[in-house]
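For reference, the structure is listed below as C-alpha cells.
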Amino acid sequence: MDYLKRPRIIPDNRAVMAREYSMTTIFGKLREMVTDYCKFDMTKTMPVKVECPDESQGLKILYFIATFGTSPFVGGKVGAELDTSAIVPASHHAENLVYVMGSHTGYDHHTNKFGKIYREKEGGFSACCGKLAGVMEPYIKEYNYAKTNIKLFKEEGRVFLEIPNRLLGIHSSDEPHPAKLCLEPSLIKGNPESEGVMTAESPRSVIFEVHPDLQHLLEAKKQTITEDRTPIGNELAGDYFRFIWISSAPLPDDITRRLHPLMHQIVSSVDYPPMVTIANVHTWIEFNRFVDAINAIPDVLSKGIFGVSGLTIDLYFEERTYHYSNIFCPQYAFFKPVGEREGIVMGPSEINNLLDSFPANKRRLSIDKILECNDKEEVSCMRKE
C-alpha cells in the first residue's frame, strides 16, 4: 500500500482528480441521481451552493436553475467555506437539500498551467482561487526562500547542506513573513543544534552533513551533486519541514487556521501546482465540516440531504458568447435519506461509479434557452402612475 511507504495526511491529487465532467454532463447526471437514487421529489428539492462567488463560475448558476428550477440557496462564503449557520435556514426552504460544494482553480488552456484565470474586467490574469492564493502566500514565499537558499554540495565524497541562519532560528532582523519554516531533524545528519559548522566565508549560514536517508534518495534519483553549491529545490519535501505562526497577530481567518497544520505538504506538492493542492485539501476539509454539521443539527433530521463535493476547474474562451466555462471533478459525496440521523459517505471511486450508472442527457439542460431569455428586454417592476 502506498500510504505505508510514504505517509501523508492530505488527499492525493491524482486520486481525487481522476475524473472530469463538463457542466452539462455533471448536472444532467446529478438530476437523474437525485431523482432515481435519492428518490427526491424535484418539486420539493432546493439546491445549495457552497462555492466561491467568482465571476469565472457565473455560468454554473444557470445550470442550477435549469436542473432544479430555482436559483441555489447560498450556503458558503468566499473561498468556498461552508457557512454552517446557513444550514438551518436552507432546511426551512424545502423538503430535500442538494449541496454542490468545493473549491475552484483556474486553468490556462493555452499554456496548460493551473492556478490563474483571465479576468475580463481586470484585463489580465490573476490567481484563481484568489482567496486561497492569499491564504497560501506567506507560506509559499517562505518555502520558495528555503528551497532557493538551502544549498547542496559535495566535498571529499560527503554531501552537505548549507542552511541560512534564519531557517535555524538564528535571527538577525525581523522575520519577513508571519509563517516561519522550521526544518525537521530528518534533513540533517546528527543533532542540528550541535553538528553544524559556521565558516568564515559564509557567516550567514551553517553547514551540515545531509541525513543518510536523504542522501540515499538523491542517489536513487541519480541527482548530480558537485562541489558547486546548488539550491535544494523540490527535494525539500514536506517531510523535512513544518510551519509555525510567529506573528503577534492571530491567524487571520478560519480557512488559514484549518489549513495551517497541513501547509508543509501543500506548498511542497509536485504532482500538481500548490494552487491545485490547496484547493483539493480545502475541499476535503469543508466536506468533513459539512458531514459533521449535518449529523449534529436537529433541524435537518427530517430532511433528505445529498451533497457532492469536488474541484471546479475554470477556463476562459475568448471566442465564446459567454467566455467562462467550467469542468467539475467529483471527489466526495454524502447521502442522508429523509428521517435518518446519519448518512452514507462516499469517496472518489464510489461517487464516480454512482455517477457512471446514470445517463448525462436523459433530459437535456436548456442553458441556451436561459441565455436567450436573459437577452430579452426586462419587465419593469416599478409601479406606473
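Here the sequence shown stands for residues 720 to 1104, numbered as in our numbering.
C-beta: ideal position from N, C-alpha, C; glycine also.
Remember, it's a predicted structure, so these values are computed and weren't measured experimentally.
Beta-carbon contacts of residue i that lie in its chain and below 6 Å, excluding the five residues immediately before and after
i     : result
F1006 : S1028 and Y1051
M736  : C1048
R738  : N1071
Y826  : F833, I1032 and L1034
A805  : G794
M742  : Y782 and N1045
H811  : none
Burial state of residue i, where buried means 16 or more other Cβ atoms lie within 10 Å
i     : result
V989  : exposed
S1068 : exposed
H823  : buried
R750  : buried
N910  : exposed
A1079 : buried
K779  : buried
A734  : exposed
L978  : buried
P772  : exposed
Y1043 : buried
A939  : exposed
R1102 : Bear in mind that the predicted position of R1102 carries a pLDDT of just 39, short of 50, making it too unreliable to give a figure here.
R885  : buried
Y1041 : exposed
P922  : exposed
G843  : exposed
Q776  : buried
I985  : buried
E920  : exposed
Under the three-state DSSP convention, the category residue i falls into
i     : result
R923  : coil
F960  : strand
Y864  : helix
L955  : coil
G1062 : coil
K748  : helix
F1053 : strand
M982  : helix
R738  : coil
F759  : coil
R733  : helix
G795  : strand
V989  : coil
P883  : strand
E928  : strand
K779  : helix
L936  : helix
Y722  : Residue placement at Y722 is flagged as unreliable, the pLDDT there being 45, under the threshold of 50; the coordinate-derived value follows with that caveat. DSSP places Y722 in helix when its eight states are reduced to three.
L970  : coil
L1020 : coil
E1109 : This structure gives no information on residue 1109, because the portion of the chain shown stretches from 720 to 1104.
I944  : coil
I907  : strand
R1102 : Per-residue confidence for R1102 stands at a pLDDT of 39, beneath the threshold of 50, marking its modelled position as unreliable; the derived number appears in the next sentence. Correct three-state label for R1102: coil.
G853  : helix
E894  : coil
F1077 : coil
D1011 : helix
Residue(s) in a DSSP beta bridge with residue i
i     : result
A846  : K835
K873  : V878
I1032 : T824 and I1046
T949  : L871
Y818  : V767 and G1026
L900  : F962
V916  : I926
Close-in-space but distant-in-sequence residues of the same chain around residue i (CB under 7 Å, 5 per side omitted)
i     : result
R961  : C901, E903 and H983
E894  : I965
V1010 : F1053 and V1064
S790  : I780, F783 and I784
C757  : G1023, F1025 and F1054
D802  : G794, G795 and K796
I1016 : I806 and V807
Contact belief for residue i with residue j at Cβ below 8 Å, rounded distance in angstroms
i     : j     : result
I836  : Y1035 : 6 Å
N815  : G1023 : 4 Å
R948  : E881  : 6 Å
P730  : F833  : About 16 Å; that fails the 8 Å criterion.
I951  : I869  : 4 Å
N1014 : E1061 : 6 Å
N732  : T918  : No, N732 and T918 are not in contact; Cβ-Cβ is about 40 Å, not under 8 Å.
beta-carbon residue i near the ligand SAH non-hydrogen atom, thresh 7 Å
i    : result
M855 : Summarising the ligand content, the structure contains no ligands, and the ligand SAH is consequently not present.
Cutoff 8 Å; reference residue i; Cβ partners in own chain excluding five residues on either side
i    : result
P897 : P857, W964, I965, S966 and A968
P980 : none
L887 : L902, P911, G915 and V925
K699 : A question about residue 699 goes unanswered here, because the residues of the chain that appear run from 720 up to 1104.
I728 : L981 and Q984
K908 : E914, F927, E928, V929, H930 and P931
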